[in-house]
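Enquirer:
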DNA sequence: GCGACAG
DNA sequence: ATCTTGTCGC
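In the UniProt record's numbering, the protein residues as written are 1 to 239.
#1: Please return the same chain residues whose Cβ sits closer than 8 Å to the Cβ of residue 196, not counting the five positions on each side in sequence.
#2: Quick check: the Cα distance between residue 145 and residue 13, rounded to an integer number of angstroms?
#3: Is residue 214 helix, strand or coil by DSSP?
#4: Among 219, 166, 215, 87, which has the Cα closest to the Cα of residue 55?
#5: Count the other C-beta atoms from every protein chain shown that fall within 10 angstroms of the C-beta of residue 95, then say buried if there are 16 or more, exposed otherwise.
#6: Given 8 Å as the limit, is there contact between the stretch 97 to 109 and the stretch 155 to 167, that is, 3 or more CB pairs closer than that?
#7: So, helix, strand or coil for residue 183, using DSSP?
#8: If we count the other Cβ atoms within 10 Å of its Cβ and call it buried at 16 or more, is residue 226 buried or exposed?
#9: For residue 66, collect the residues of the same chain with a Cβ closer than 7 Å to its Cβ; drop the 5 residues on either side in sequence, then sort them by chain order.
#10: Quick check on the DSSP output: the alpha helix (DSSP H) that includes residue 45 runs from which residue to which?
#11: Identify whether residue 155 lies in helix, strand or coil by the three-state DSSP scheme.
#12: Could you say if the stretch 13 to 28 and the stretch 195 to 214 meet the contact criterion of at least three C-beta pairs nearer than 8 Å?
#13: Please confirm if the stretch 26 to 46 is in contact with the stretch 201 to 220, defined as three or more CB-CB distances below 8 Å between the two stretches.
#14: For residue 76, which three-state DSSP category applies?
#15: Buried or exposed, going by whether 16 or more other CB atoms sit within 10 Å of the CB of residue 89?
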């Protein structure tokens, strides 16, 4: 039985809202994981009526790629702020199932607890997989905050309705900050530490950059990939 | 009622 | 997300 069979899937915005309200209490925020050897970056790209999800596993110490997988499907849910996960989760779960490695941490493109109902994509994905997960958003969604210092490493809290739901983190001196938050089974300090460790040279973590590249490539080659058969010759061999 | 709103 | 030229800066 697939993990997806264990949970109902909404067919409307109202159902999606209700499901989030029901699952939000299951999210765990804890000081783990104790040891992170492999980190998985996930991202999704769109083209026409296709959605391509990519997962790239990196060695946490060297940031070198270990394994990757992609899944191209048809979008089954519209993009609605706050219900973003229902649009990308199906393809992301498909890609994750094609992985042999079980990552120690999932780094999602989007928010976790820094969400209207404290249940963004990173929380949902962490909960469905049972794996530690964190969210890294490129743009603001919710929470009052002051600008972090200009230098790499500085950060400030994201406060929504009196609750610290995430942080703005300057991953490179002089660039715009990213918005990070807990997804599942990690805490805010670990999330902050990881996003900085994963972003040695650019604004976005290597996990996200690699997954972004892979998901785009998957859309460019509809029926071929790094491990597919070569294209047929214009003049078939034989005779 | 109006504004804001991940990808 | 995606559509898109030139342009500022290291």
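Glycine residues also receive a C-beta, built at the ideal position from the N, C-alpha and C atoms. Please read these numbers as outputs of a predicted model, since none were measured by experiment.
Expert: So, to answer that:
#1: 152, 153, 169, 171
#2: 29 Å
#3: helix
#4: When each option's Cα is compared against that of residue 55, the closest is 215.
#5: buried
#6: no
#7: strand
#8: Here residue 226 scores only 48 on pLDDT, less than 50, and its place in the model should not be relied on; the value that follows carries that caveat. Exposed, by the Cβ-count rule.
#9: 38, 57, 58, 59, 101
#10: First-last for residue 45: 38 to 47, but that is the beta strand (DSSP E), not the alpha helix (DSSP H).
#11: Under the three-state reduction of DSSP, residue 155 is assigned to strand.
#12: no
#13: yes
#14: coil
#15: It counts as buried.
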